[in-house]
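Peer 1: Here our numbering is used: the first residue of the sequence shown is 3, the next is one more, and so on.
Don't be surprised by glycine CBs; every beta carbon is placed ideally from N, CA and C.
Predicted, not measured: the structure shown is a model, and the values here were computed from it.
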Amino acid sequence: MFGKFCVRWRRALRGARREAGMTTAEYAVGTVAACGFATVLYKVVTSGAVSAALESVIGKALGAQF
Numbered sequence: 003m004f005g006k007f008c009v010r011w012r013r014a015l016r017g018a019r020r021e022a023g024m025t026t027a028e029y030a031v032g033t034v035a036a037c038g039f040a041t042v043l044y045k046v047v048t049s050g051a052v053s054a055a056l057e058s059v060i061g062k063a064l065g066a067q068f
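As structure tokens, this is what we get:
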């Protein structure tokens, strides 16, 4: 009885280990998506309006009285 349980338990663990990580294709898709998101974020942050707003916020923070 206990032997059958051990065999089933080992098989379940072996199957779980096979599904534990991402495959190379998943890493590639994730990397491409992250690069695309970073590009869009860079374009937004370096645009004129956002850049002026960031400069204003930083200027106010540096000029604050303590």
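Quick check: what's the CA-CA separation for Ala27 versus Ala35?
Peer 2: Answer to the nearest angstrom: the Cα atoms are 12 Å apart.
Peer 1: In whole angstroms, give me the CA-to-CA distance for Cys37 and Ser53.
Peer 2: Looking at the two C-alpha atoms, the distance is approximately 21 Å.
Peer 1: Which stretch, first to last residue, makes up the alpha helix (DSSP H) that contains Thr25?
Peer 2: Thr25 -> no alpha helix (DSSP H), and no H or E assigned at all.
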